[in-house]
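J.:
There are 2 protein chains.
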Amino acid sequence: MLIAVDASGGDYAPHEIVKGAAKAAYEYDAPVALLGRKGTLEKLVRRYEKKANLSIINARQTISSSEHPVQALKSKPNSAIVIGMGMLREEKASAFVSAGSTGAVLAAAFTMLGRIPTIHRPALATVIAVNPEKPFVLIDAGANADCLPAYLAQFAQMGSVFAAEHLGIPEPRVALLNNGTEELKGNRLARESHQLLNNMPGVNFTGNIEPQEILNSVADVVVTDGFTGNIVLKTLEGFGESFGKELGWQQSHQIPRELQGSALVNYARVMFLTRRADYKEFGGACLLGLDGNVVVAHGRSKAKAIKGAIHLAVRASELDVVNSIKANIR
Amino acid sequence: MLIAVDASGGDYAPHEIVKGAAKAAYEYDAPVALLGRKGTLEKLVRRYEKKANLSIINARQTISSSEHPVQALKSKPNSAIVIGMGMLREEKASAFVSAGSTGAVLAAAFTMLGRIPTIHRPALATVIAVNPEKPFVLIDAGANADCLPAYLAQFAQMGSVFAAEHLGIPEPRVALLNNGTEELKGNRLARESHQLLNNMPGVNFTGNIEPQEILNSVADVVVTDGFTGNIVLKTLEGFGESFGKELGWQQSHQIPRELQGSALVNYARVMFLTRRADYKEFGGACLLGLDGNVVVAHGRSKAKAIKGAIHLAVRASELDVVNSIKANIR
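Keeping their order, the protein sequence lines are chains W and F.
Each residue of the first sequence is one higher than the last, beginning at 15 in this note's numbering.
Each residue of the second sequence is one higher than the last, beginning at 15 in this note's numbering.
1. Can you list, in chain order, the residues of its chain with a C-beta nearer than 6 Å to that of W:Leu166? Leave out the 5 residues immediately preceding and following it.
2. Among the residues of its own chain, which have a CB less than 6 Å from the CB of W:Leu278, if the five just before and after it don't count?
3. Output yes or no for whether 8 Å exceeds the beta carbon distance between F:Arg74 and F:Arg51.
4. Determine contact between the segment 92-103 of chain F and the segment 301-310 of chain F, defined as no fewer than three beta-carbon pairs at a distance below 8 Å.
5. Using a Cβ-Cβ distance cut-off of 8 Å, determine whether F:Thr220 contacts chain W.
6. Taking 8 Å as the threshold (C-beta atoms), are W:Thr242 and W:Ala233 in contact?
7. Taking Cβ positions, are F:Asn244 and F:Ala155 nearer each other than 8 Å?
8. Between which two residues does the beta strand (DSSP E) holding W:Asn72 run?
9. For F:Glu104, is the classification buried or exposed, using 16 other Cβ atoms within 10 angstroms of its Cβ as the cut-off for buried?
10. Note down, one range per segment and in chain order, each alpha helix (DSSP H) of at least 4 residues found wholly within the segment 24-57 of chain F.
11. Tell me which residues of the segment 153-181 of chain F have at least one Cβ-Cβ distance to chain W shorter than 8 Å, keeping chain order.
12. What separation, rounded to the nearest whole angstrom, lies between the Cα atoms of F:Ala44 and W:Glu224?
13. Per DSSP, what kind of secondary structure is F:Gly298 in: helix, strand or coil?
14. Looking only at its chain, what residues have a beta carbon closer than 8 Å to the beta carbon of W:Ile324, apart from the 5 residues adjacent to it on each side?
15. Spatial neighbours of F:Ala204 within its chain, please: CB distance less than 6 Å, with the 5 preceding and 5 following residues excluded, ordered by chain position.
16. Tell me the start and end of each unbroken beta strand (DSSP E) in the segment 151-199 of chain W that is at least 3 residues and wholly inside, in chain order.
17. Determine whether the Cβ of W:Glu251 lies closer than 8 Å to any Cβ atom of chain F.
18. Can you tell me whether DSSP reads W:Asn307 as helix, strand or coil?
19. In whole angstroms, what is the alpha-carbon distance linking W:Lys90 and F:Ser338?
20. Expressed to the nearest angstrom, what Euclidean distance is found between the alpha-carbon atoms of F:Tyr281 and F:Gln226?
21. Among F:Glu81, F:Leu198, F:Glu197 and F:Ser22, which one has its Cα closest to the Cα of F:Leu58?
22. Is the beta carbon of W:Ala118 sitting closer than 8 Å to the one on W:Ile71?
23. Just how far apart, CA to CA, sit W:Asn145 and W:Arg329?
24. Where does F:Gly182 land, buried or exposed, given buried means 16+ other C-beta within 10 angstroms?
25. Using only alpha-carbon positions, find the residue among W:Ala123, W:Ala109 and W:Glu56 that is nearest to W:Pro83.
26. Shorter than 8 Å from the beta carbon of F:Gly34 to some beta carbon of chain W?
27. Beta-carbon of F:Pro83 versus every beta-carbon of chain W: anything under 8 Å?
28. Residues in the same chain with beta-carbon distance under 8 Å from W:Val246, minus the five sequence neighbours each way, listed in chain order, please.
29. Counting only beta-carbon separations shorter than 8 Å, does W:Glu147 have a partner in chain F?
30. Give, in chain order, every unbroken run of the alpha helix (DSSP H) that is at least 4 residues long and sits entirely within the segment 94-139 of chain W.
31. Which ranges does the alpha helix (DSSP H) cover as unbroken runs of at least 4 residues, wholly within the segment 210-262 of chain W, from first to last along the chain?
32. Going by DSSP in three states, F:Val141 sits in which element: helix, strand or coil?
33. Starting from the Cα of W:Thr195, find the closest Cα among F:Glu30, F:Asp25, F:Leu326 and F:Ser80 and give me that residue.
34. I'd like the span of the beta strand (DSSP E) that includes W:Ile17, first residue to last.
35. Taking 8 Å as the CB-CB limit, is W:Glu197 close to chain F?
36. For F:Leu138 versus F:Leu304, is the C-beta spacing smaller than 8 Å?
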């Protein structure tokens, strides 16, 4: 197992990426290959390596989020995204992690890895653990802005496989994100998807779920189109950020000492929940439906989030989610 | 001015509706007509009236949220929704407020009041004041699940008129809710709407806004389709509820005395923000684009939210939002 990590993508690259990768490689005992400018990475690795199993692969070109994804991939064959996806295709790496341009990562994944033949559209699955005792999978979290009902029905299947393996839930309860619980509620996509989900093999469909219920452990898998899923994810993120700013405490260690009395346990819990809602703080999303493990991290990921994203990549490799999807969705 | 209030709709009718109406009638010095079962209302009004200007109009039929809206309206001419909308049409009331079946209220409004001729689709506008110093208008908050780009462009116009009048902002900054700031981001509806908004008269369009920014006072009007808008509203609601439950304090007066020290001002602010995110706590949404003032309140509205919804109705009547829309959108 080797996890290839894009060390040149994201707002805090390469410093925070290397820092997070070093921690992950050490903690999860996983070899990590850092893809980026060799000279810069060598200096950083010396600072962080300790006992971690880190290697460096030179990728001298950088793709920014403002570039057109497909054009950028063509013109930059020596970028971390192209090299990393190539390693995955040639089975030189078991997973690829990037906090770079999501559009470019998706485009590279689609063109270089290809879909599992039975899958209509790959989708981003992310675990939302605002309440850590009640995590759930959101799919699609942002890969497909425009969807057909058949896509959503299959997202439900992939999400079920992912939740069963990654969260260890035998028959995950699947719900369709909608603005009402009744079968006929929602926009046309939601109404038609609901009908398909009623009879989808391998899906324990429990009906519609309204967004105010998603944090209440009513469903293990929440299915929606990539536009709506991304909107929900970012609404939660905004709420987390807004609280953080309001409080002026961006980090838990900034909680003033006088607030650390026992009556304030609840306060700490609020802080904790708030920060967990802010998904750039804690991890990445798995791109399911492709012939390889790709993890997309938030562009503003710092070391902790990169570590989380690498953990997700390690898990996906160990659990062999790709083959589970191949075996379960025909 | 007379505000007609549906006293038989919503989870806490009629008790909380009458309580909220009595408070609103007194505080805003506005005559309120309560529509519901006369006998029951008379008893309740005696409890709450004090000096409030409350009257009662008998409406013996009740429409539930599980009924098909159009069929319910036909079969129940003596329901509060049909009677209230009739009062509005005949100018016997200046506004109608209901926490009952949103579907039935919308259907009654569309069929009995009719659209302003230049308006494609009426839309729900709500003021989100999670941060009370940075309120903004969300439109459409849930009236139109399926939209065309032309609808969204007009929601921007109506939202601008509403923000200018209701929030007192001369040239409201209008942004399109999207999952990326770049012009070409989003689903097809968002991309095409963006193009139209670039050249929309009466709209100070500032581009796309991502959901994590909506609480940061970057825009005064956030435009989206009714499905996405409702999803965002309910995601915020869920977050508010989740915090409330986690803390075990549903009401601000339940904050323990020992937590009221000066170091805890921040704590109170969190509670305050949390509760304001929960939109069932604070008010209603104005249905814009119709020939009359209709305010839709959350089905789980208690007295405080009903009072807020009536306040919105009073404001809409005083400001004559209907005629402003007629004058500004041609």
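The beta-carbon is built from N, C-alpha and C at its ideal position, and this holds for glycine as well.
T.: Walking through what the data contain:
1. Residue mapping note: residue 166 of chain W aligns to position 152 of the first sequence, counting from 1. If we look at W:Leu166 and ignore the five residues flanking it on each side, its Cβ neighbours are Ser207 and Val237.
2. On the first sequence, residue 278 of chain W is found 264 positions in, with the first residue counted as 1. Interpretation of W:Leu278 is limited by its pLDDT of 43, a score under 50 that renders its predicted location unreliable; no figure is taken from the coordinates.
3. In the second sequence, counting from the first residue as 1, residue 74 of chain F sits at position 60. In the second sequence, counting from the first residue as 1, residue 51 of chain F sits at position 37. Yes, they are a contact pair.
4. Contact holds: three or more Cβ-Cβ distances are below 8 Å.
5. As a working note, residue 220 of chain F is residue 206 in the second sequence. Closer than 8 Å: no.
6. Indexing the first sequence from 1 puts residue 233 of chain W at position 219. Indexing the first sequence from 1 puts residue 242 of chain W at position 228. Not in contact: W:Ala233 and W:Thr242 (Cβ atoms no closer than 8 Å).
7. Counted from its first residue, the second sequence places residue 244 of chain F at position 230. Counted from its first residue, the second sequence places residue 155 of chain F at position 141. Yes, Cβ-Cβ distance for F:Asn244 and F:Ala155 is below 8 Å.
8. Stepping through the first sequence from its first residue, residue 72 of chain W is reached at position 58. Here the beta strand (DSSP E) through W:Asn72 covers Leu68 to Asn72.
9. Mapped onto the second sequence, residue 104 of chain F falls at position 90. Exposed, because fewer than 16 other Cβ atoms sit within 10 Å of the Cβ of F:Glu104.
10. Within the segment 24-57 of chain F, the complete alpha helix (DSSP H) runs of at least 4 residues are 29-41.
11. Gly156, Ala159 and Asp160
12. Along the second sequence, one-based indexing puts residue 44 of chain F at 30. Along the first sequence, one-based indexing puts residue 224 of chain W at 210. Cα-Cα distance, rounded: 35 Å.
13. As a first step, residue 298 of chain F is located in the second sequence; it is residue number 284 there, counting from the start. Note: F:Gly298 maps to strand in three-state DSSP.
14. By one-based count along the first sequence, residue 324 of chain W stands at place 310. Closer than 8 Å at the Cβ level, and outside the excluded window around W:Ile324, lie Ile17, Val19, Gly34, Ala35, Ala38, Ala39, Tyr42, Ala44, Val46, Val111 and Val309.
15. Taking the first residue of the second sequence as 1, we reach residue 204 of chain F at position 190. The answer, listed in chain order, is Asn192.
16. 187-191
17. Here residue 251 of chain W corresponds to residue number 237 of the first sequence, with the count starting at 1. Yes, because at least one Cβ of chain F sits closer than 8 Å to the Cβ of W:Glu251.
18. Along the first sequence, read from residue 1 onward, the residue named residue 307 of chain W stands at position 293. Three-state result, W:Asn307: strand.
19. Here the question's residue 90 of chain W lines up with position 76 in the first sequence. Here the question's residue 338 of chain F lines up with position 324 in the second sequence. Each residue's Cα considered, the two are about 54 Å apart.
20. Here residue 281 of chain F refers to the residue found at position 267 of the second sequence. Here residue 226 of chain F refers to the residue found at position 212 of the second sequence. Summary for F:Tyr281: the model assigns pLDDT 47, below 50, so the residue's position carries little reliability, and this model does not support an answer.
21. In the second sequence, the residue the question calls residue 58 of chain F occupies position 44. The residue with the shortest Cα to Cα distance from F:Leu58 is F:Ser22.
22. As a first step, residue 118 of chain W must be located in the first sequence, where it is residue number 104. As a first step, residue 71 of chain W must be located in the first sequence, where it is residue number 57. No; because the gap between Cβ atoms is not below 8 Å, this pair is not in contact.
23. Numbered from 1 along the first sequence, position 131 holds the residue referred to as residue 145 of chain W. Numbered from 1 along the first sequence, position 315 holds the residue referred to as residue 329 of chain W. Answer to the nearest angstrom: the Cα atoms are 21 Å apart.
24. For the purposes of this step, residue 182 of chain F is taken as the residue at position 168 of the second sequence. That one is exposed.
25. As a working note, residue 83 of chain W is residue 69 in the first sequence. The option with the nearest alpha carbon to W:Pro83 is W:Ala123.
26. Taking the first residue of the second sequence as position 1, residue 34 of chain F is located at position 20. Not an interface residue.
27. Within the second sequence, numbered from 1, the residue matching residue 83 of chain F stands at position 69. No - not a single Cβ of chain W is within 8 Å of the one on F:Pro83.
28. Sequence index remark: in the first sequence, residue 246 of chain W carries index 232 (1-based). Counting only Cβ-Cβ distances below 8 Å, and skipping sequence neighbours, we find Leu152, Leu191, Pro225, Ile228 and Thr238.
29. The count along the first sequence starts at 1 and reaches residue 147 of chain W at position 133. No, W:Glu147 lies away from the interface with chain F (no Cβ there is under 8 Å from its Cβ).
30. 94-103 and 116-122
31. 240-261
32. Here the question's residue 141 of chain F lines up with position 127 in the second sequence. Looking at F:Val141 - three-state DSSP - the assignment turns out to be strand.
33. In the first sequence, the residue the question calls residue 195 of chain W occupies position 181. Comparing Cα-Cα distances from W:Thr195 to each of F:Glu30, F:Asp25, F:Leu326 and F:Ser80, the minimum goes to F:Ser80.
34. In the first sequence, counting from the first residue as 1, residue 17 of chain W sits at position 3. Run containing W:Ile17: Ile17 to Asp20, per the beta strand (DSSP E) assignment.
35. Taking the first residue of the first sequence as 1, we reach residue 197 of chain W at position 183. W:Glu197 does not count as touching chain F.
36. For the purposes of this step, residue 138 of chain F is identified with residue 124 of the second sequence, where counting begins at 1. For the purposes of this step, residue 304 of chain F is identified with residue 290 of the second sequence, where counting begins at 1. Result no, Cβ atoms of F:Leu138 and F:Leu304 do not sit closer than 8 Å.
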